[in-house]
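In my numbering, the protein residues as written are -9 to 811.
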């Protein structure tokens, strides 16, 4: 299913799922989102590794035959004595170890291999290890050597005590001058990489280590760049150039939202040092504001967001940030590479001039070259490793590529805050991380937001720029609260977003042709159309009233979109409206609320501007077909199935997958309770789905992905509602049909990891249903079947972090269940 309308939770809230720190309703909602969101699944990987103590070592290292007892403290591997595990990835384990020959502590990364993999892995890493071994800058984590044993590739890294920049920023922000000093140091280190013809391409807070060997204060922390030593240049270059979905690109192509725009458009061999300058700007932005330059968005919005949306100036989020430092930061983050500093050295020079002009500012500090080899060093082992590439000049036609992709704004508003801007303390309060809020502080913020809104609306003369600025601040704060999994914040989020709408609507009245105001007004109405609430059950009378109010906001968003001059902007926002409404409409229909679903569809389609070019685009026509899954195959025209006829062709594949998913879901949900889903019905459903995929031009090999990734959300949503309403027979009927469908699909795709994962989720639904019936023994048996299926997926795809997470989750559920009894 398309889940573009479902906002991602904050990264700090995702670990709550693994730690069981949510109430059942919140957990159910977060599970539904994470099961279908690749970005959130990737973030959860670090939380899942905390469960490695519960996992059998043979699951952690499925490809190596070593007995579990050999991976214990004291064992010697590659001339190193293991001391304690530091972390685990999908295909590696990292230990703190003692290098016997030098008596120094090192970080030992062990990558298990078998005879089939060995030659391939060795060829992939030889040249990159050679380059990494040449790195000698004091602010780069060093790779000392690589050893090959009968069971492992062993990578011996420097080990430094401290923490990642990402972890430190969760606690506090440095003063602006210290932030500039840190980036000055890192820019010199990056420049040294560039001199060796190496790009990092994945600069982000989690890849920066703060060495605390000199002290733990910001002033004494020494920044070190990690994760540059090993890569697969040729393989990753090919993957970057062929991946249809930006979220599926290898880590070396960047980690949204920190990545440079050209990293999503060009092959790695066409990138320049300007891509790393953008990464340094992202780091500076995080140090100044505590957040990335752009928000985390669903995958089908990723490319458009990175190419279109501009970062909010840091001084608007943190008023104490000096304007000149903010200007340096924003120059690094410009969309076109030619508009940035052309080298990391140029950025370092700009920061040096700014720091020199500030009286009393201490000069930037670099790591001491005289540090003894034996000083311990922390290696924050990331689960993805960036790439090393030669650095040819960027192609001359790149400007046209970026220029035509990025929509332009005709806004004439002045970004500089007027004299009547809201108080700095209120602006600072708006930028407070959601995790720092409780119910009282959130409501206090909402109350003050109402007061500031009323002041702005009654102030004379009114300024559209002032209203836009305050509306933007409120919209961002409300959106962050609404993305939280802490339900008491939702009421405050609604109040703040309603105030943002009042301000932006008034700004629109003052400047009807201002396209920036129109875009932000559309954005806040999309937020209001997707407000979370636990005040009433979705199917209750109050729930229906709330749903109708949200649909009204989506209709008003469509009306705003129809006033935009740019056809791309119209298509983008109308697509958001349709995606948000369609998902809810279909879920209601599948859950048995056909009348309400029909009402939603009528109101949304009536709000579309049918006489506009946007509504006649393939993007919108195809979305309209998705409202009726059973008729999709009979309604698709060749034009609607050709990505080159779309204004946003990167959305095509996801919507095509949704079309097949909806088609299968309708077959499952329409089966009457009196007639259980049969193997013959499952076979016919799969055959019909295959015909639709052929008509859409989708490869048959994508069917396992649809049965797993795409189908999870509607299955889980409708089943969850059935359990909440105590309609257990309906939930069991759906689970049985899905399990049977996956079992039949396994005959078509034997030992396919996605089929195993789908079977694991189907058994998990059985576990939930059986718990509702208080059949504990049967529930435990179902959960064990779910774990077995997840382990089968792991064996079929040892690199699958999803399989690893599912195994860890099933083990945790069993442990919690046993401890609860």
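Here a beta-carbon is modelled for each residue, glycine too, at the ideal position from N, C-alpha and C. Keep in mind the model is a prediction, meaning the values are calculated, not measured.
- Setting aside the 5 residues that flank it on each side, residue 312 is surrounded in the same chain by 166, each with a C-beta closer than 7 Å to its C-beta; the list follows chain order.
- Around the C-beta of residue 806, fewer than 16 other C-beta atoms lie within 10 Å, and the residue is accordingly described as exposed.
- The three-state reading of DSSP puts residue 148 in strand, counting E and B together.
- A direct Cα-Cα distance of roughly 7 Å separates residue 163 from residue 280.
- From the listed residues 691, 278 and 665, the smallest Cα separation to residue 320 is found for 278.
- In the structure shown, the three-state DSSP call for residue 275 is helix.
- In the three-state reduction of the DSSP assignment, residue 740 falls in the coil class.
- In the three-state reduction of the DSSP assignment, residue 808 falls in the helix class.
- At the C-beta level, residue 729 and residue 658 stay beyond 8 Å of one another.
- DSSP places residue 717 outside any alpha helix (DSSP H), giving it a letter other than H or E.
- At a Cβ-Cβ threshold of 8 Å, residue 304 and residue 284 do not count as neighbours.
- In the three-state scheme derived from DSSP, where H, G and I count as helix and E and B as strand, residue 456 is classed as helix.
- If you look at residue 771, you'll find it in the alpha helix (DSSP H) that goes 766 to 786.
- Checking the DSSP bridge columns, you'll see residue 75 partnered with 85.
- Each of 491, 533 and 267 was checked against the Cα of residue 546, and the nearest Cα belongs to 491.
- Excluding sequence positions up to five before and after residue 650, its CB lies within less than 6 Å of the CB of 679, 682, 683 and 696, all in the same chain and listed in chain order.
- Going by DSSP, residue 562 is part of no beta strand (DSSP E) but of the alpha helix (DSSP H) stretching over 557 to 580.
- Less than 8 Å divides the Cβ of residue 500 from the Cβ of residue 454.
- Minimum Cα-Cα distance from residue 339 among the listed residues 636, 177 and 744 corresponds to 177.
- A straight-line Cα-Cα distance of about 13 Å links residue 434 and residue 415.
- Under the DSSP definition of a beta bridge, residue 758 lacks any partner.
- The stretch 185 to 198 makes no contact with the stretch 137 to 145, as fewer than three CB pairs between them are under 8 Å.
- Per DSSP, the continuous beta strand (DSSP E) segment holding residue 95 begins and ends at 94 to 102.
- Residue 137 is bridged by DSSP to 144.
- Between the stretch 327 to 346 and the stretch 661 to 675, the count of C-beta pairs closer than 8 Å stays below three; the two stretches do not touch.
- Around the beta-carbon of residue 577, 16 or more other beta-carbon atoms lie within 10 Å, marking it buried.
- Contact between the stretch 683 to 694 and the stretch 707 to 719 is absent: fewer than three C-beta pairs spanning the two stretches fall below 8 Å.
- Per DSSP, reduced to three states, the secondary structure at residue 699 is helical.
- Burial check for residue 709: the Cβ neighbour count within 10 Å reaches 16 or more, so the residue is buried.
- Within the same chain, and ignoring the five residues on either side of residue 202 in sequence, the residues whose Cβ sits closer than 7 Å to its Cβ are 151, 152 and 211.
- The stretch 503 to 514 and the stretch 551 to 570 touch, with no fewer than 3 CB-CB distances between them shorter than 8 Å.
- Distance from the CA of residue 481 to the CA of residue 531, rounded to the nearest whole angstrom, comes to 19 Å.
- Contact between residue 781 and residue 801 is ruled out by a C-beta separation of about 10 Å, above the 8 Å threshold.
- A distance below 6 Å between beta-carbons, with the five flanking residues on each side excluded, links residue 194 to the following residues of its chain, in chain order: 245 and 248.
- Counting of Cβ neighbours within 10 angstroms places residue 663 among the exposed residues, the total staying below 16.
- Rounded to the nearest angstrom, the Cβ distance from residue 610 to residue 582 is 29 Å, too far for a contact under 8 Å.
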